[in-house]
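*Asks:*
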Ligand code: SF4
Ligand code: SF4
């Protein structure tokens, strides 16, 4: 270490340079906006469209089920957590005469890898944006076709990546906290 470096270090110590630098960082965070989210009672995160959450089974514009019970999703799943049992149906329920009598998924074993979605030839199967999937017993981890065919709470067209205000919604079984999609704001997370 040369004489110049020694003089520089002496000046830095004399002027408390490191202390001032640290204090500047602290003051900067004191006056910046908080990014803490008041989840889940006041705010809910709306994920981006690329999010891989709870599976959805979809319909065409005429309301017919797109799933043709080909079982490709089940065969491509690395954990074997999808069960598909096909049946014949000529009532127009689906886009073909082959529909799913049973389509269920065990979320405890699901990796949310999206391979099933990629394998689906009719785009019936999509991974949606529902992420609140915890439950208190194993039976509620199995989701059935009837539930997955219900309209999604977050429309596919909504871009996401925003924070929505939370609102209480009363259902026959309980009261739950849902996102109010009419009141959203951008926030850097
Ligand atoms: S996301 Fe992956 S692990 Fe989950 S059901 Fe689909 S293929 Fe199986
Ligand atoms: S969801 Fe798609 S891949 Fe799975 S059985 Fe139905 S049509 Fe086939």
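In this note's numbering, the protein residues as written are 168 to 356. All residues carry an ideal CB built from backbone N, CA and C; glycine is no exception. These numbers were taken from a predicted model, which means no experiment stands behind them.
#1: Based on Cα-Cα distance, which residue from 339, 180 and 320 lies nearest to residue 345?
#2: Across the stretch 178–187 and the stretch 255–265, are there enough close Cβ pairs to call them in contact, namely three or more that are closer than 8 Å?
#3: Exposed or buried, residue 210, counting other C-beta atoms within 10 Å across all chains shown (16 or more means buried)?
#4: From what residue to what residue does the alpha helix (DSSP H) around residue 198 run?
#5: If you drop the 5 nearest sequence neighbours on each side, which residues of the same chain put their C-beta closer than 8 Å to that of residue 336?
#6: Between residue 261 and ligand 1, is there a pair consisting of the residue's CB and a ligand heavy atom that are separated by less than 8 Å?
#7: According to DSSP, is residue 249 helix, strand or coil?
#8: How many Å lie between residue 206 and residue 240 at the Cα?
#9: Identify, in the order they occur along the chain, each residue of the same chain with its Cβ nearer than 6 Å to the Cβ of residue 325, setting aside the five sequence neighbours on each side.
#10: Just mark residue 223 as buried or exposed, buried being the case when its beta carbon has 16 or more other beta carbons within 10 Å.
#11: Could you tell me the distance, in whole angstroms, from the CA atom of residue 259 to the CA atom of residue 354?
#12: Hey, how far is the Cα of residue 226 from the Cα of residue 351?
#13: CA-CA distance, residue 196 and residue 219?
*Replies:* Put simply:
#1: 320
#2: no
#3: buried
#4: 184–198
#5: 342, 343, 344 and 345
#6: no
#7: strand
#8: 34 Å
#9: none
#10: buried
#11: 45 Å
#12: 28 Å
#13: 33 Å
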